[in-house]
Amino acid sequence: MSTPAPNGSSARPDKKTRRPAAARGANGARANGNGGAPKPLPGNLPYAHIVGWGMAVPERVMTNDDLARLVDTSDEWIVARTGIRERRIAGPRETTASLALAAARRALEAADVAADDLDLVIVATSTPEHIFPSTASLVQDALGAPNAGAFDLAAACTGFIYAVGMGAAAIRSGAAQTVLVIGAETLSRVVNWKDRGTCILFGDGAGAFLLQGRPSPGGVLNSLLRSDGSGGASLIIPAGGSKLPATFESVRDNLHTIQMDGKEVYRFATRVMTSAVRDVIEGAGLTLDQIRLIVPHQANRRIIESAAKGLGLPEDRFMLNLDRYGNTSAASIPIAVCEAVAQGRLRPDDHLVLVGFGAGLTWGATVVKWDATPIEVTRLGRVRRWAAYEAAKVRSAARRGLRSLEGLLFGSGSPEGGQPPPRRK
19 MSTPAPNGSS
29 ARPDKKTRRP
39 AAARGANGAR
49 ANGNGGAPKP
59 LPGNLPYAHI
69 VGWGMAVPER
79 VMTNDDLARL
89 VDTSDEWIVA
99 RTGIRERRIA
109 GPRETTASLA
119 LAAARRALEA
129 ADVAADDLDL
139 VIVATSTPEH
149 IFPSTASLVQ
159 DALGAPNAGA
169 FDLAAACTGF
179 IYAVGMGAAA
189 IRSGAAQTVL
199 VIGAETLSRV
209 VNWKDRGTCI
219 LFGDGAGAFL
229 LQGRPSPGGV
239 LNSLLRSDGS
249 GGASLIIPAG
259 GSKLPATFES
269 VRDNLHTIQM
279 DGKEVYRFAT
289 RVMTSAVRDV
299 IEGAGLTLDQ
309 IRLIVPHQAN
319 RRIIESAAKG
329 LGLPEDRFML
339 NLDRYGNTSA
349 ASIPIAVCEA
359 VAQGRLRPDD
369 HLVLVGFGAG
379 LTWGATVVKW
389 DATPIEVTRL
399 GRVRRWAAYE
409 AAKVRSAARR
419 GLRSLEGLLF
429 GSGSPEGGQP
439 PPRRK
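If you want it as structure tokens, here you go:
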């Protein structure tokens with residue numbers, strides 16, 4: 019997965035020229051006072067530019083009135099406390115991977131990049147398809163990206179911020195040239211639909227960025243990633259892991275669903291949102307006046323209003339769409355960015371801040387110089403892309419068939435073939 023820098027030189031600078039990590043942003047640029055233009059990277063390291071973006075949400079809409087038939091609540095009560103009016107709910111055949119795949123394909127199409135050009139696929143999610151294999155591996159296979167590594171990242175609602183930071187770092191280090199970063203969730207599968215405090219909040223969806231290394235300054239300028247594990251119990255799914263595997267009792271007691279101390283999470287979020295925005299902007303060598311748009315995690319309108327007040331900014335400097343999607347966790351920020359682009363709220367050379375918080379407790383922020391414009395894809399290009407995806411399905415099915423054939427011919431169950439060894443008494 020090692021890729022040279024765009025100019026053909028080694029992507030790793032000599033140790034003598036490498037700057038301390040604490041002084042660098044996600045692209046290796048140090049904070050400076052020249053209007054936010056980052057200094058040239060040591061060793062001509064590439065910058066991680068956002069070249070594609072895409073989103074996907076289920077068709078089914080659940081309104082607050084629908085929820086009022088399930089729990090003791092009302093549209094007025096939910097809107098007053100959260101700002102949410104409706105959310106999308108995955109259907110029986112929709113999963114985290116299927117939503118992630120749809121968003122990923124749209125991001126690749128926006129950049130007119132083929133899946134086999136991918137070096138890395140990162141999926142940020144709290145609702146993976148399985149404990150293993152990773153959802154990212156399933157997406158990598160379905161896309162037809164044979165050259166890409168793939169892994170899931172678990173940082174809850176901050177997950178997409180973490181994933182963008184990791185993807186940008188992989189590009190900056192020279193380990194990857196093209197990275198697909200996805201936030202995808204089906205939180206409706208882990209919600210207790212009898213708990214009014216949580217079921218009103220969450221929705222399903224996915225969003226994706228395509229990052230690509232380029233020598234010109236821009237893209238991901240700085241990332242801030244933080245955690246405070248002492249608050250882990252404030253927002254948790256207690257069962258389903260190694261500490262508390264599934265049992266009849268754990269299912270009966272709803273321990274496989276989201277448990278939240280709403281007041282503590284609110285206090286935490288209002289503390290960290292403002293400081294994270296200020297710190298990440300300062301680290302990028304920018305000022306708040308140079309930021310065109312702040313895209314926060316779409317958890318609760320009151321939290322976003324508190325952040326706006328703390329920063330001294332009008333609410334129109336923030337992108338909000340939680341009224342239509344609710345809290346989609348790791349998917350909320352990329353979905354909001356996609357809608358901001360569609361609404362014309364982002365133009366080339368604009369600076370924006372992505373900021374989020376979530377279980378862990380975790381929080382983080384990223385400064386981006388937006389320099390992406392969608393590429394017009396021809397009809398022939400769409401046909402070729404469709405053919406590539408269909409070919410990926412055939413190749414995947416062929417590989418599965420070959421594995422089954424090998425199992426029949428050579429046996430299975432133990433390293434030597436045949437039956438597994440008997441248990442020791």
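Once you know that position 138 of the sequence shown is 156 in my numbering, the rest is easy, because the numbers rise by one and skip nothing.
For each residue, glycine too, the CB sits at the ideal point set by N, CA and C.
Indicate the three-state DSSP secondary structure (helix, strand or coil) for residue i in the structure shown.
| i | result |
| --- | --- |
| Trp381 | strand |
| Thr176 | helix |
| Asp4 | Outside the displayed range of the chain (19 to 443) lies residue 4, so it cannot be described from this structure. |
| Lys212 | coil |
| Lys261 | coil |
| Leu423 | helix |
| Val290 | helix |
| Glu203 | strand |
| Asn52 | Low local confidence applies: a pLDDT of 40 at Asn52 is under 50, so the model's placement there is unreliable, and no value is given. |
| Gly223 | strand |
| Asp170 | strand |
| Thr153 | helix |
| Gly283 | Note on identity: in this sequence residue 283 is Val, with Gly being the wrong assignment. DSSP places Val283 in helix when its eight states are reduced to three. |
| Arg232 | strand |
Could you pull out every residue in the same chain whose Cβ sits closer than 6 Å to the Cβ of residue i, ignoring the five residues on either side in sequence?
| i | result |
| --- | --- |
| Ala160 | Leu119 |
| Ala181 | Ile140, Ala142, Leu171 and Val199 |
| Ala257 | Ser268, Leu273 and His274 |
| Leu88 | Trp211 |
| Asn318 | Thr100 |
Among the candidates the options, whose CA atom is the shortest distance from the CA of residue i?
| i | options | result |
| --- | --- | --- |
| Ala348 | Arg320, Ala188 and Gly382 | Gly382 |
| Leu239 | Ile254, Gln277 and Ala186 | Ala186 |
| Ser260 | Asn62, Ala174, Ser422 and Ile149 | Ile149 |
| Val208 | Ser152, Ser144 and Leu242 | Ser144 |
| Thr153 | Ser191, Ala202, Ala121 and Thr176 | Ala202 |
| Gly109 | Glu77, Ala122, Ala98 and Arg99 | Glu77 |
| Gln488 | Asn210, Pro392, Asp334 and Gly167 | In this structure the chain extends from 19 to 443, so residue 488 is not present and cannot be described. |
| Asp341 | Leu427, Glu94, Gly419 and Asp279 | Glu94 |
| Gly249 | Thr113, Asp135 and Glu282 | Glu282 |
| Pro146 | Thr113, Arg270 and Arg397 | Thr113 |
| Thr11 | Pro366, Met291 and Asp213 | For residue 11 there is no data in the structure shown, the boundaries of the chain being 19 and 443. |
| Phe178 | Asp246, Gly280 and His315 | His315 |
| Ala122 | Asn62, Val197 and Arg413 | Val197 |
| Leu331 | Lys411, Leu423, Gln308 and Asn339 | Gln308 |
| Ala86 | Gly183, Asp213 and Ala193 | Asp213 |
| Asp246 | Phe286, Pro233 and Arg270 | Phe286 |
| Asn62 | Arg111, Pro151 and Pro233 | Pro233 |
With a CB to CB cut of under 7 Å and the five nearest residues on each side skipped, what residues in its chain are close to residue i?
| i | result |
| --- | --- |
| Trp404 | none |
| Ala409 | Gly162 |
| Ser155 | Ala168 |
| Leu166 | Before going further, note that residue 166 is Ala rather than Leu in the sequence given. Here the set comprises Leu136, Asp137, Leu138, Val139 and Gln158. |
| Gly280 | Gly215 |
| Pro164 | Asp134 |
| Ala115 | Glu147, Thr153, Leu156 and Val157 |
| Asp334 | none |
| Ala40 | In this prediction, Ala40 scores a pLDDT of 38, lower than 50, which makes its location untrustworthy; the coordinate-derived value is nonetheless stated afterwards. None. |
When you measure from the CB of residue i to every non-hydrogen atom of the ligand SAH, does any distance come out below 8 Å?
| i | result |
| --- | --- |
| Leu205 | As for the ligand SAH, it is missing from this structure, which has no ligand bound. |
Residue i and residue j look like a contact to me (Cβ under 8 Å); what is the Cβ gap, rounded to whole Å?
| i | j | result |
| --- | --- | --- |
| Leu372 | Val395 | Their Cβ separation, rounded to whole angstroms, is 26 Å, which puts Leu372 and Val395 out of contact at 8 Å. |
| Gly455 | Thr176 | Because the chain spans 19 through 443 in this model, residue 455 falls outside it and cannot be assessed. |
| Gly399 | Asp130 | 7 Å |
| Ile189 | Pro64 | 6 Å |
| Ala132 | Ala406 | 7 Å |
Take residue i and list the residues in its own chain whose beta-carbon comes closer than 8 Å to its own, dropping the five residues that flank it on each side.
| i | result |
| --- | --- |
| Leu364 | Arg310, Leu311, Val355, Ala358, Leu370 and Trp388 |
| Arg296 | Leu306 and Leu329 |
| Ala174 | Ser144, Leu253, Ser347, Ala348, Gly376, Ala377, Gly378 and Thr380 |
| Arg320 | Arg99, Thr100, Gly101 and Tyr284 |
| Arg103 | Thr81, Asn82, Asp93, Ile96, Val97, Asp341 and Arg342 |
| Gly237 | Asn45, Tyr65, Ala66, His67, Ile68, Ala186, Leu229, Val386, Lys387 and Asp389 |
| Val313 | Phe336, Met337, Ile351, Ala354, Val355, Ala358, Leu370, Val371, Leu372 and Val373 |
| Arg244 | Val290, Ala294, Thr380, Trp381 and Gly382 |
| Ile107 | Pro76, Arg78, Val79, Met80, Ser206, Gly221 and Asp222 |
| Gly51 | Note that Gly51 scores 39 on pLDDT, short of 50, meaning its location in the model is unreliable; the coordinates nonetheless yield the value given after this. Excluding positions up to five away in sequence, the list reads Gly303. |
| Thr288 | Ile321, Ser324, Ala325 and Gly328 |
| Leu368 | Checking the sequence, you will find Asp at residue 368 rather than Leu. Here the set comprises Arg310, Leu311, Lys387 and Trp388. |
Exercise for review: Decide yes or no for the touch test of the region 343–362 against the region 219–226: beta carbon pairs closer than 8 Å, at least 3 of them.
Suggested key: The answer is yes - the region 219–226 touches the region 343–362, with three or more Cβ pairs under 8 Å.
Review point. Between the region 79–96 and the region 213–221, do at least 3 Cβ pairs fall closer than 8 Å?
Key: Contact between the region 79–96 and the region 213–221 is present: three or more C-beta pairs spanning the two stretches fall below 8 Å.
Practice item. Check whether the region 123–142 touches the region 64–76, taking contact to mean three or more Cβ pairs, one atom from each stretch, closer than 8 Å. Key: A contact is defined here as three or more CB-CB pairs under 8 Å, and the region 123–142 meets this definition with respect to the region 64–76.
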